[in-house]
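Residue numbers (the UniProt record's numbering), protein chains in the order written: chain A, 1 to 520; chain B, 1 to 330.
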């Protein structure tokens, strides 16, 4: 009996086959769901694109330009903040705290104010794109800037150089892979931010067309927009990844650091500082832009609405009900997204051959606007908790996956050499070496994911379920109840900050053992 | 059809100088004032009267340069009007009443939609033709609109507890997918979308069942009423002429909308149908007699009654007819 010696299929061929299979599955699913008006087949998407190339090109150019401007501005801001935090370590808690607060501000509240400040044009789109990216770059960057062996810093000091030299010669290099992870997470987020910015009143762009398509029951147009958004996000992701491979060192160094000094009790002081800075910024913004007190409520207005006004009790009760509804979706969605992201990153290390198609699907999930996917998920899972939790998990999942994948690659080369000499299996390497090396990146992801989850749950509540804090904020904006809106904003932001603090506490305990260099 | 502008030395000098270089540069040296009109949604034939006014120069011939600011899902009309970014905003009586309750100094200067556009849309094989038909049905709507449904039920002795409210996105999809039996929506958007898909939805106009609430109302601040009257008059005069022209030829209005906003993703048949369907909401015996935008004292009383059902207390002086009277008087 002879066997035919077929060459093993190369990665390119395998990728092609998987892509074709995915397209066929998509086509079949769309045809099965024709009467439900939720999903268009790839053939319909192509048909729409062929019939409307000019319209799509103009919309894409507009949104892409705004997203790119926001991407650059947001990431430059992240770089500047990280440099500030590093050169002046005492300011770090303040910088990250205020950065978190600003990142948490809900779009329902900020969008209309940005429109008033900028007037007609692309201002709000660019700012919302920048706001969508700066935090997810800042956090991995701060981790990366510390991911260098203590001996290298000793070397810098032995030459009599200071912090600036350490930043340029040691930290910047160590931070590169983390920076790229941040940029890769940022690319689809900037695009989505620019789209959502168009909801504040724009003449053209992909967000304008998405709203038009959804209301007009134009399913092929809806999915053509989603497909183009996904393709753009994928290209950006791949391009940034290619850049990273050219810049990154071959094998990450072994990080050996002395155990950190016992933690000083600084939590409360830092929190007080962040609160003070936030209040100052809040008042300052109202004064600087001369915002009308009808819709720009000051901290004293909010305090009055919550504590001393005649209807303060009713306001608190409304907020309490909404908070309980939101929290019920938030925690399960957050944990599910985190587990899925970290779990999939590990699975990809064990089975790297499927990385291409899995990453494509993950980017698609992240870059398709939630307004497009929500009806499909609702159809599959219903309007109950399962649908909302899934949507939140999707938003948390992508940044976690990307950060963990980069973290897993930070395994020190020398340790892998040791593993080679013992002929250790992939699983052993994962459990003993890669996961401990991933932990700083994982916790960075877990912290970034807190505001992302809060944003996701409020957006889903606003657009789909009509319950909880997201819905309350949209309703109070449409009824001009800006006292209630800003009270809800404060509550949402406080919720994010508290969850963030809880994650940071766990992080500090774990990293004390596995990555002490992070705790200096 | 341009009216001759009053002669002035500046205009003479301007025209004379321009005449040396170029044969026709009208309005070169006119002192133009500018104002913005904040629309309540993205560009579509919903605002085609304003587009006609812009296109045919109904504003520029009054020396007013008007910017039309598009709205969107996250673009409430009140903040730009309060801040002065927009001179006039397109709102609705209930939103205006809520804003006034929160301290906004608004007045309603004109009413574009005499009849409220809210309908209950259903499919012909399971129709909602009367408010009583709602009982036992599942209705898809934003929970924010619960007071609207409650008002309809109170006006028609319907027990709201016998209606199952399903919070949905603003889309016809849940109705077509069979998730709900009917939708709370506008006469001029989701039913039109369904018609374009070949589905003739049944619509029950809430205005025909006691829900009297002015929509697409022109609002401005007291400050503007005191200090920018000439611009308010000029802006509304242009609107009025634009909408009268719209009524003469809705198909031309739809075509102009596509021509002026090619990036809005609109298609002509949909816009033509929508343009036709909003005519009966915008023009009535009262507007035939008094002109576009007019309202009667009786209509204000009905609006106040409906607003009371929505939990809003307002007085008749929320409506200010002085600008409209100036427009019609001149």
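Just so it is clear, CB atoms sit at the ideal spot from N, CA and C, and this is done for glycine as well.
Every value quoted in this text rests on a predicted model; they were computed, and no experiment measured them.
Pairing residue 103 of chain B with residue 92 of chain A, the inter-Cα distance amounts to about 41 Å. For residue 139 of chain B, the enclosing beta strand (DSSP E) stretches over residues 138 to 141.
Considering only beta carbons, the part of the segment 51 to 73 of chain B lying closer than 8 Å to chain A consists of 67, 69, 70, 71, 72 and 73, in chain order.
When C-alpha distances from residue 72 of chain A are compared across A:156, A:427 and A:187, the shortest belongs to A:187.
In the displayed model, residue 170 of chain B falls within coil according to three-state DSSP, outside both helix and strand. Between residue 135 of chain A and residue 451 of chain A, the C-beta spacing is below 8 Å. When only Cα atoms are considered, residue 34 of chain B and residue 61 of chain A end up about 30 Å apart. The CB of residue 223 of chain B never comes closer than 7 Å to any CB in chain A; the least such distance is about 11 Å.
The beta carbon of residue 143 of chain B sits closer than 8 Å to the beta carbons of 165 and 167 from its chain, once the five residues preceding and following it are set aside; these are given in chain order. Every unbroken stretch of the beta strand (DSSP E) spanning 3 or more residues and falling wholly within the segment 192 to 273 of chain B is given here in chain order: 202 to 205 and 215 to 221. Residue range 106 to 113 is occupied by the beta strand (DSSP E) that includes residue 112 of chain B. Taking 8 Å as the CB threshold, residue 374 of chain A lines the interface with chain B. One Cα belongs to residue 216 of chain B, the other to residue 323 of chain A, and the distance between them is close to 34 Å.
In this structure residue 63 of chain A is not in contact with residue 272 of chain A, their Cβ atoms being roughly 41 Å apart against a cut-off of 8 Å. With respect to the C-alpha of residue 218 of chain B, the residue from B:323, B:85, B:118 and B:32 having the closest C-alpha is B:323.
Between residue 350 of chain A and residue 427 of chain A, the C-beta gap is smaller than 8 Å, which places the two residues in contact. When C-alpha distances from residue 330 of chain A are compared across A:244, A:385 and A:314, the shortest belongs to A:385. Of the residues B:49, B:42, B:32 and B:38, the one whose Cα lies closest to the Cα of residue 206 of chain A is B:42. In this structure, the alpha-carbon of residue 357 of chain A lies about 49 Å from that of residue 251 of chain B. Here residue 68 of chain A has 190 as same chain residues with Cβ atoms under 8 Å from its own Cβ, once five neighbours each way along the sequence are excluded. Contact between the segment 300 to 311 of chain B and the segment 204 to 212 of chain B is present: 3 or more CB-CB pairs across the two stretches fall below 8 Å. Secondary structure in the segment 365 to 399 of chain A: the alpha helix (DSSP H) runs of 4 residues or longer, each lying completely within the stretch, are 370 to 381 in chain order. Under the DSSP assignment, residue 68 of chain B falls in the beta strand (DSSP E) whose first and last residues are 64 to 69.
For residue 103 of chain B, the neighbours in chain A by C-beta distance under 8 Å run, in chain order, 294.
Residue 90 of chain B: member of the beta strand (DSSP E) spanning 88 to 91, first to last residue. In the three-state DSSP reduction, residue 236 of chain A falls in the helix class (H, G or I). Scanning chain A for C-beta atoms nearer than 7 Å to the C-beta of residue 206 of chain B yields nothing, as the closest lies near 18 Å away.
In this structure, residue 499 of chain A keeps its C-beta atom at 8 Å or more from the C-beta atom of residue 445 of chain A. In this structure, the alpha-carbon of residue 458 of chain A lies about 8 Å from that of residue 326 of chain A. With a threshold of 16 other beta carbon atoms within 10 Å, residue 197 of chain A meets it and is buried. Secondary structure of residue 163 of chain B (DSSP, three-state): coil.
Take residue 473 of chain A, set aside five residues on each side of it, and the residues of its chain with a beta-carbon closer than 8 Å to its own are 106, 108, 109, 458, 462, 485, 488, 489 and 492, in chain order.
Taking a cut-off of 8 Å on C-beta distances, the segment 168 to 184 of chain A does not touch the segment 221 to 235 of chain A, as fewer than three cross pairs fall below it. Contiguous alpha helix (DSSP H) elements confined to the segment 389 to 451 of chain A occur at 413 to 421 and 426 to 429, taking only those with 4 or more residues.
Residue environment: residue 418 of chain A is assigned as exposed (fewer than 16 neighbouring CB atoms within 10 Å of its CB, all protein chains considered). Counting only the Cα atoms, residue 130 of chain B lies some 22 Å from residue 170 of chain B.
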